[in-house]
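Input: a single structure, listed below in structure tokens.
Number of protein chains: 2
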Amino acid sequence: MTTLIQLGQRAKQASRALAVASSEAKDAALGAAADLLLQHADAVLEANAEDVERAQDGGAAATVVDRLRLSASRLASMAAGLRGVASLADPVGEVVAGWVRPNGLRIEKVRVPLGVVAIIYENRPNVTSDAAGLCIKSGNAAFLRGSSAALASNRAIATVLRDGFAKAGLPEDALVLVEDTSYGSAREFMRMREVIDCLIPRGGPSLIQSVLENATVPYVIDGDGNCHLYVDASADLDMAISLLVNGKTQRPSVCNATESLVVHRDVADAFVPRAVEALPGVRLVGDEVARRISPSIEPATEEDWGKEYLDLVLSVRVVDDLDAAITHVQRYSSGHTEAIVARDLAAAQRFTREVDAAAVMVNASTRFTDGEQFGFGAEIGISTQKLHARGPMGLRELTTTKYVVTGNGQIRG
Amino acid sequence: MTTLIQLGQRAKQASRALAVASSEAKDAALGAAADLLLQHADAVLEANAEDVERAQDGGAAATVVDRLRLSASRLASMAAGLRGVASLADPVGEVVAGWVRPNGLRIEKVRVPLGVVAIIYENRPNVTSDAAGLCIKSGNAAFLRGSSAALASNRAIATVLRDGFAKAGLPEDALVLVEDTSYGSAREFMRMREVIDCLIPRGGPSLIQSVLENATVPYVIDGDGNCHLYVDASADLDMAISLLVNGKTQRPSVCNATESLVVHRDVADAFVPRAVEALPGVRLVGDEVARRISPSIEPATEEDWGKEYLDLVLSVRVVDDLDAAITHVQRYSSGHTEAIVARDLAAAQRFTREVDAAAVMVNASTRFTDGEQFGFGAEIGISTQKLHARGPMGLRELTTTKYVVTGNGQIRG
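Sequence order for the protein chains is V and U. Counted the way the working numbering counts, the first sequence spans residues 1 to 413. Counted the way the working numbering counts, the second sequence spans residues 1001 to 1413.
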């Protein structure tokens, strides 16, 4: 059996070729992979049916099975995703900055691939294709480790994509799938410093926690979103209702959904009852002031303030002033997205300046923190850490830079 | 005794004030600290004398004592350093990118401080002042942990700087010094995820190794420099000699010194003897071809090719062509600085494109990879990692970004 380190070295080797591959070559490889994915749809769906059957026999929950299940239309989306990424601008080679020093040295900061990007993910087999597409377009080899539940699907997809890359003249090891899905291999994977330039986990809190505890490779964390919507005394309350309803209910299961409502006391009497009315089917928990205004709100516990519900639940807090709002948001923020609704410029300025999060919204739904919505074309995740990348991660966030310094014989005195 | 976590929380608290402090306030604080450093020079030098005496009594090597020892002129340099940093442009608030989406959302990517920057360092007490200056200017709190050997000096410097900050109206906890210099505290320090936003180790290989093994906080590594100078067949050999002598001998003990010479065989007969002649006092070790040309070159071992000598030693390799040069450099590069001497444009282009390092030089000394030389005004180190920052790290590299998104009620459909 091929060892993990041998697999990693294959990816490393391929990354050297990818780093200098032209955009044309990479785009052709993505196109070829998309073609083959559709041509071999039957084989992929057959492999997927195995995974689904195994999961159902094992008594997996319906949501788990749903994440696992592919269909002709899901495959078509995956293929379209690869073509979509091919159509985006290539970040590699971009000159980020350039200047000339007094001694004539010309310094350029140039965007280059990271090398080997590792993705560790859970049951969604489409990640195999989506992540590989973004990695290859940005000149990186994709070193992928999915879950055991999706192994047959992932193997089938990886085989097809690798064939596509090879057909277009890129190394097939531009995508290397780890088939050993044991716990021990996950831990080893997270510690392959010689091979992995950046690890991006895609999955729930337990996966993230495992990366935080075990990883010794550099990583970017796509963490929780306990997103607040603060309704200032100066807010347009109609707009605030619209943003609240959109943030809470348009897709409650995602990280940029609104989880907590913070209301300035000057508008609480007017706003809280409207919020309750506008959110039928949403369970509201709140502090005493909110509950005095709208007794249907249940009491919130300390735990509620820090919670990412990912469900039709909303916490409600009434604050005395903007300072208290910022203090509350800062205390419980997960650093993802925080929003203010305000007409007062100074309030908006203070909120955007003092709240420390990947994205701070003024008069817009928290749901906009997203690579597509930001115009990146595609995203590999949303970073909630501060190093390297923060917020939606597109192709640029899968690169690093290199200084190219050109002289004519300069030496240091 | 104050616990490590209490100290960290003080720094965290101070970081919130620093993040929104004006450039004027930060510059005034750095000026006040510089003034006090000179006013209290006697007290600092007295504390330093204790450290020096203790080190000498303990039989420390002369180089160790030299790193530890302060003088009136070293203190003056430290004060000048603080003023120099104050005079640099403030990176905080810089709008790195901005655009408007089709739905009217205005997206700005704004530079903001990291928060708490932790520095773990060895015997140089000037780091206490230099690092604090860079952290404060970039809006971060400095959480510092020096060595036990320099404790009295660091404590005296930190006290003076903290007084200066407070005098100018900034929180004194903008600089927090850890006085527990036990091994256990170092390990705990590297794992304070709740407090530390970025850890930068300043020291030798054993410190770096300890960070790689123990740290769970995000960090930026300032690693080894096994820097190569490749002399292409197309090189101006006079220029190559000048760059070689400068890279190897101008300051052999630093990370951007040239450690290895790689020569194209077409110019080896002409160049290698000139290199030997130009480097009196330098021990040369080389491969068989180099030794046939210049028998005074000693045989190199496999270990030599990967070695950062930091001394008057140079390894010499003769290669068959550009491909072999790139392969050799890639294999043994520490990812710091690699240089080519060439007149041929295609050779220079291939080298800069294919060699994966923080800086790639064309016809310039490897010694130029440096914050001052790049025009950053000051540097906190030179990153040899790919995530977050790569190459010389100035004030900008001590920041992250935040997306500020402004709308007028946009919701997602």
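Even glycine gets a Cβ: it sits at the ideal position worked out from N, Cα and C. Here the structure is a predicted model, which means the values were calculated and not measured.
- Against chain U, the beta carbon of arginine 101 (chain V) has neighbours under 8 Å at Gln1373, Phe1374, Gly1375, listed in chain order.
- Identification of chain U residues near isoleucine 411 (chain V) by a Cβ-Cβ cut-off of 7 Å yields Ser1242, Leu1243, Asn1246, Ser1365, ordered along the chain.
- At a beta-carbon threshold of 9 Å, none of the residues of chain U lie near histidine 264 (chain V); the nearest stands roughly 18 Å away.
- In terms of Cα proximity to serine 1253 (chain U), the closest of U:Asp1051, U:Asn1226, U:Gln1039 is U:Asn1226.
- Taking one beta carbon from each stretch, the segment 373–380 of chain V and the segment 262–277 of chain V have fewer than 3 pairs nearer than 8 Å; the two do not touch.
- Nearest to glycine 1098 (chain U) by alpha-carbon distance, out of U:Gly1413, U:Gly1409, U:Val1405, is U:Val1405.
- At least one CB of chain V lies nearer than 8 Å to the CB of alanine 1357 (chain U).
- The beta carbon of histidine 388 (chain V) sits closer than 8 Å to some beta carbon of chain U.
- Sorting V:Leu144, V:Ala364, V:Asp320 by C-alpha distance to the C-alpha of glycine 1104 (chain U) places V:Ala364 at the top.
- Using beta-carbon distances, glutamine 250 (chain V) counts as an interface residue toward chain U, with a partner under 8 Å.
- Rounded to whole angstroms, the separation of the alpha carbons of leucine 310 (chain V) and arginine 1193 (chain U) is 25 Å.
- Think of a sphere of 8 Å around the beta carbon of leucine 1322 (chain U): no beta carbon from chain V falls inside it, the nearest being about 14 Å out.
- Put simply, the CB of glutamine 385 (chain V) is near chain U, with a gap under 8 Å to one of its CB atoms.
- Spanning the alpha carbons of glutamate 108 (chain V) and threonine 1369 (chain U) requires a straight line of approximately 12 Å.
- At a cut-off of 8 Å, the C-beta of valine 1362 (chain U) has a neighbouring C-beta in chain V.
- Distance from the CA of arginine 367 (chain V) to the CA of tyrosine 183 (chain V), rounded to the nearest whole angstrom, comes to 34 Å.
- The criterion of a C-beta distance shorter than 8 Å is not satisfied by phenylalanine 143 (chain V) and alanine 168 (chain V).
- Taking valine 1316 (chain U) as reference, the option from U:Arg1155, U:Ala1347, U:Phe1271, U:Ala1358 with the minimal CA-CA separation is U:Phe1271.
- The C-alpha of leucine 1170 (chain U) lies about 7 Å from the C-alpha of alanine 1025 (chain U).
- Residue environment analysis places threonine 1063 (chain U) among the exposed positions, since fewer than 16 neighbouring C-beta atoms fall within 10 angstroms of its C-beta.
- Per DSSP, the continuous alpha helix (DSSP H) segment holding arginine 1155 (chain U) begins and ends at 1151–1167.
- DSSP, reduced to helix, strand and coil, places arginine 1111 (chain U) within a strand of the structure shown.
- Between alanine 347 (chain V) and serine 234 (chain V), the CB-CB gap stays under 8 Å.
- Under the Cβ criterion (8 Å, minimum of three pairs), the segment 44–60 of chain V counts as touching the segment 142–156 of chain V.
- The three-state reading of DSSP puts valine 52 (chain V) in helix, counting H, G and I together.
- For cysteine 255 (chain V), the secondary structure class from DSSP, reduced to helix, strand or coil, is coil.
- Take the alpha-carbon of glycine 81 (chain V) and the one of serine 87 (chain V): they are about 10 Å apart.
- Take threonine 1216 (chain U), set aside five residues on each side of it, and the residues of its chain with a beta-carbon closer than 8 Å to its own are Met1190, Arg1191, Arg1193, in chain order.
- The three-state secondary structure of glycine 1133 (chain U), taken from DSSP, is helix.
- Per the DSSP secondary-structure output, valine 1100 (chain U) pairs in a beta bridge with U:Arg1106.
- DSSP places asparagine 363 (chain V) in no alpha helix (DSSP H) but in the uninterrupted beta strand (DSSP E) bounded by 359–364.
- In this structure methionine 393 (chain V) does not touch valine 116 (chain V) by the C-beta definition: roughly 17 Å separates them, more than the 8 Å allowed.
- A straight-line Cα-Cα distance of about 38 Å links isoleucine 1293 (chain U) and serine 1206 (chain U).
- Straight through space, the alpha carbons of glutamate 1213 (chain U) and arginine 54 (chain V) are spaced by roughly 39 Å.
- By the rule that beta-carbons nearer than 8 Å mark a contact, methionine 1393 (chain U) does not touch chain V.
- Interface residue (Cβ-Cβ distance to chain V less than 8 Å): valine 1405 (chain U) is classified as such.
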